[in-house]
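Chemist: Right, I'll just put the structure down here and ask away after.
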Amino acid sequence: MFLLHFLLVTSVLQLSYTASIQDEYKTYKGYKLYRVVGDSQEILKLIKMMNQLAEIPFYDARGARGDILIAPELVQIFEERVRLANLQANVEIGDYSEIIRSEKTGSRRKGSDFSWTAYYDVDDIYKYLQNVSKSHPDSTELVVGGQTYEGRQILGLRINTPSENKSDNKPVVFIESGIHAREWITPATTTYFINELLTSNNPDVTALRDQFDWHIFPTVNPDGYHYSMTRDRMWRKTRSKSSTYCYGADPNRNWDHNWLQHGATNNPCDYQTYGGSKPFSEVETRTLSEYIASLENLLAYVAFHSDAQILLVPYSDSVEHTDNYDDLVQIGKTSLEYGRQVNGEEYGGPATAAEILYKASGGSMDWVREKLGTPIVYTYELRGSYFHWPAEKINEQGDEVTQMLLGLFKEAKNLGYY
Ligand code: 0X9
Ligand code: ZN
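Our numbering applies: residue 19 is where the sequence shown begins, and numbers increase by one.
Below, the structure written as structure tokens:
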């Protein structure tokens, strides 16, 4: 029995080693998505144990339930551990490759005809930003928010329409999307929002555009996003090479605020929450933080993630509240109410991650709030099912995001923030 277990574990380790060097698109053939329910400590122990055994491409523990994606060669050992821990596990998705396949055939596009019925890789998103900056030279410019490990730029679009009084310094709004590579809906809705700002005839939207100096970054982890599009759909981290054979750090655990204290690991091979070798070890977070710190008059910082369908306020690793927590909740409620009017979708929150999700240190939102004192700071978790969202429905969430931002700034104005 011991020998059998040893052989199983070594062959699993062998498989996971080869799996970390991906030459072609990982199919996820036979991978099962389980939902586990039961004692929260046992769920955490189970996930930790599976993570020690092999690379687990997706896990999400929230109290008495946990979701986990299990490779076919691990199914037997996983189900045995579930039984021994007195937990219940149900298969939510029998073969994850079917989702990947449907995305690969139907919803990705290359080329100049940029739209919001398909997902585009980073080069096409950047081409779109370049084209927009050329077609709106008076009100937009390309901005470089930072650099990446693989030598890309973190490219964004600044929208700052000319105002009558040229000396007017408009309040700055920063939008961060795609820090997690696999959350494809976030770059898509962010370019959708850019398009709304620049082309909508809705006077509320044009007023929103004209009031602020926007710095909008659809994909702040472009190496990871490209890898997720071309090699491994479940990739979340950056693509830096650590001292072991594993790649990447979680760019939302790498900021210099309570680094590695909660919800992060020092294991470079963890698929999800490796905090990096030190705060700002990743060139992406380091350079982007410098860019953000250089902005004068930063009123609002908004980060987009998926897919918990909630609105988070700082801080993410503590149940303590910021001094304007009540305002942030009021503003957030109006934002969510505006969003709800579009598709009837209810979001959880506004609340801190520690209260409604899990504690997580080293995130961008907390760093911005703590180090820069930016008054309005939010993280929106958009919708989806295990990071999948049909391409033909991007506009549905794009419209929701546009309304949520309209609501946010309407209530912020009511409360005298600008
Ligand atoms: O864990 C995260 O980083 C976010 N959830 S996700 O499923 N998109 O990965 C939550 C972010 C909470 N906010 C911060 N830690 N700043
Ligand atoms: Zn995320």
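We put the CB at the ideal spot given by N, CA and C, even for glycine.
Hey, residue 272 and residue 169 are a contact pair by Cβ (cut 8 angstroms); roughly how many whole angstroms apart?
Modeler: In the sequence shown, residue 272 corresponds to position 254, counting from 1. In the sequence shown, residue 169 corresponds to position 151, counting from 1. Incorrect: roughly 19 angstroms between the Cβ atoms, too far for contact.
Chemist: Along the chain, where does the alpha helix (DSSP H) that runs through residue 424 open and close?
Modeler: As a first step, residue 424 must be located in the sequence shown, where it is residue number 406. Counting along the chain, the alpha helix (DSSP H) containing residue 424 begins and ends at 412-432.
Chemist: With respect to the beta strand (DSSP E) encompassing residue 356, which residues constitute its N-terminal and C-terminal limits?
Modeler: If you number the sequence shown from 1, residue 356 lands on position 338. Taken as a continuous stretch (DSSP letters only), residue 356 belongs to no beta strand (DSSP E), being part of the alpha helix (DSSP H) at 343-361.
Chemist: Does the Cβ of residue 90 have 16 or more other Cβ atoms within 10 Å, making it buried, or fewer, making it exposed?
Modeler: In the sequence shown, counting from the first residue as 1, residue 90 sits at position 72. It is exposed - the Cβ of residue 90 has fewer than 16 other Cβ atoms within 10 Å.
Chemist: In three-state terms, what does DSSP make of residue 137?
Modeler: Taking the sequence shown and counting its residues from 1, one reaches residue 137 at position 119. Three-state result, residue 137: strand.
Chemist: Are the beta-carbon atoms belonging to residue 382 and residue 197 less than 8 angstroms from one another?
Modeler: Within the sequence shown, numbered from 1, the residue matching residue 382 stands at position 364. Within the sequence shown, numbered from 1, the residue matching residue 197 stands at position 179. Yes, Cβ-Cβ distance for residue 382 and residue 197 is below 8 angstroms.
Chemist: Quick check on residue 435: does DSSP put it in helix, strand or coil?
Modeler: As a working mapping, residue 435 is identified with position 417 in the sequence shown. Residue state, collapsed to three classes: coil.
Chemist: What does the alpha-carbon distance come out to for the pair residue 357 and residue 421?
Modeler: Stepping through the sequence shown from its first residue, residue 357 is reached at position 339. Stepping through the sequence shown from its first residue, residue 421 is reached at position 403. Residue 357 and residue 421: Cα-Cα distance of roughly 5 angstroms.
Chemist: Which of the three DSSP states is assigned to residue 272 in this structure?
Modeler: Taking the sequence shown and counting its residues from 1, the one referred to as residue 272 is at position 254. Correct three-state label for residue 272: coil.
Chemist: Does the Cβ of residue 69 lie closer than 7 angstroms to at least one heavy atom of the ligand 0X9?
Modeler: By 1-based counting over the sequence shown, the position of residue 69 is 51. Flag unset: Cβ of residue 69 not near the ligand 0X9.
Chemist: If you draw a straight line from the C-alpha of residue 86 to the C-alpha of residue 278, how long is it?
Modeler: The residue given as residue 86 occupies position 68 in the sequence shown. The residue given as residue 278 occupies position 260 in the sequence shown. So the alpha carbons of these two residues sit roughly 22 angstroms apart.
Chemist: What does a CB cutoff of less than 7 angstroms around residue 253 pick up in its chain, not counting 5 residues either side in sequence?
Modeler: The count along the sequence shown starts at 1 and reaches residue 253 at position 235. Result list for residue 253: 199, 200, 242, 245 and 246, in chain order.
Chemist: Please classify residue 239: is it buried, with 16 or more other beta-carbons within 10 angstroms of its beta-carbon, or exposed?
Modeler: The sequence position of residue 239 within the sequence shown is 221, counting from 1. It counts as buried.
Chemist: Leaving out the 5 sequence neighbours to the left and right, which residues in its chain are closer than 6 angstroms to residue 100 when beta-carbon positions are compared?
Modeler: Translated into the one-based positions of the sequence shown, residue 100 becomes position 82. Contacts found: 107.
Chemist: Since residue 71 is in the beta strand (DSSP E), which residue starts that stretch and which ends it?
Modeler: Taking the sequence shown and counting its residues from 1, one reaches residue 71 at position 53. Segment 58-71 is the alpha helix (DSSP H) holding residue 71; no beta strand (DSSP E) there.
Chemist: I'd like the list of long-range same chain contacts for residue 267, defined as Cβ closer than 7 angstroms, with 5 residues on each side in sequence excluded.
Modeler: Working through the sequence shown from its first residue, we reach residue 267 at position 249. Here the set comprises 255, 256, 258, 292, 293, 294, 299 and 300.
Chemist: Got a sec? Which residues, its chain only, sit under 6 angstroms from residue 231 by beta carbon, not counting five neighbours each side?
Modeler: Locating residue 231 in the sequence shown gives position 213, where the first residue counts as 1. Taken in chain order, the residues that qualify are 178, 188 and 190.
Chemist: Pull the bridge partners of residue 282 from the DSSP assignment, please.
Modeler: As a working note, residue 282 is residue 264 in the sequence shown. Answer by DSSP bridge pairing: none, since residue 282 is not bridged.
Chemist: With respect to 7 angstroms, is the separation between the Cβ of residue 382 and the closest non-hydrogen atom of the ligand 0X9 below this value?
Modeler: One-based indexing of the sequence shown puts residue 382 at position 364. Under cutoff, so the answer is yes.
Chemist: When the Cα of residue 392 is compared with those of 342, 350, 401 and 369, which residue comes out closest?
Modeler: Residue 392 sits at position 374 when you count from the first residue of the sequence shown. Closest option to residue 392, Cα to Cα, is 342.
Chemist: For the ligand ZN, is there any heavy atom lying closer than 7 angstroms to the beta carbon of residue 194?
Modeler: Here residue 194 refers to the residue found at position 176 when the sequence shown is read from its first residue. Not so, every heavy atom of the ligand ZN lies at least 7 angstroms from the Cβ.
Chemist: What do you get for residue 316, buried or exposed, if any count of 16 or more other CB atoms within 10 angstroms of its CB means buried?
Modeler: Residue numbering aside, residue 316 sits at position 298 when the sequence shown is read from its first letter. Buried is the call here.
Chemist: Rounded to a whole number of angstroms, what is the C-alpha to C-alpha distance between residue 125 and residue 162?
Modeler: On the sequence shown, position 107 is the one that residue 125 refers to. On the sequence shown, position 144 is the one that residue 162 refers to. So the two alpha carbons sit approximately 28 angstroms from each other.
Chemist: Please list, in chain order, all residues of the same chain as residue 353 whose beta carbon is under 6 angstroms from its beta carbon, the five residues on each side excluded.
Modeler: Residue numbering aside, residue 353 sits at position 335 when the sequence shown is read from its first letter. So the qualifying residues of the chain are 422, 425 and 426.
Chemist: How about residue 394 and residue 435: do their beta carbons lie closer than 8 angstroms?
Modeler: Here residue 394 refers to the residue found at position 376 of the sequence shown. Here residue 435 refers to the residue found at position 417 of the sequence shown. Yes, these two residues count as a Cβ contact at 8 angstroms.
Chemist: Here's the rule: buried if 16 or more other CB atoms are within 10 angstroms of the residue's CB, otherwise exposed. What is residue 140?
Modeler: Position 122 of the sequence shown, counted from the start, is the residue given in the question as residue 140. Label assigned to residue 140: buried.
Chemist: Checking the sheet assignment: what are the DSSP bridge partners for residue 293?
Modeler: Translated into the one-based positions of the sequence shown, residue 293 becomes position 275. Partner(s): none; residue 293 has no beta bridge.
Chemist: For residue 370, report the span of its beta strand (DSSP E) as first-last.
Modeler: Position 352 of the sequence shown, counted from the start, is the residue given in the question as residue 370. 366-370 is the span of the beta strand (DSSP E), which, as asked, contains residue 370.
Chemist: Measuring CB to CB, does residue 396 end up less than 8 angstroms from residue 331?
Modeler: Here residue 396 corresponds to residue number 378 of the sequence shown, with the count starting at 1. Here residue 331 corresponds to residue number 313 of the sequence shown, with the count starting at 1. Contact flag set, yes.
Chemist: In angstroms, rounded to a whole number, what distance separates the CA positions of residue 104 and residue 223?
Modeler: Numbered from 1 along the sequence shown, position 86 holds the residue referred to as residue 104. Numbered from 1 along the sequence shown, position 205 holds the residue referred to as residue 223. Those two C-alpha atoms are separated by around 53 angstroms.
Chemist: Where does the unbroken alpha helix (DSSP H) through residue 94 begin, and where does it stop?
Modeler: In the sequence shown, the residue the question calls residue 94 occupies position 76. Segment 93-102, the alpha helix (DSSP H) holding residue 94.
Chemist: What's the C-alpha gap between residue 338 and residue 120?
Modeler: Within the sequence shown, residue 338 is the residue found at index 320, counting from 1. Within the sequence shown, residue 120 is the residue found at index 102, counting from 1. Between residue 338 and residue 120, the C-alpha separation is close to 43 angstroms.
Chemist: Taking residue 210 as part of the alpha helix (DSSP H), name the residues at either end of that continuous run.
Modeler: The residue given as residue 210 occupies position 192 in the sequence shown. Start and end: 203-217.
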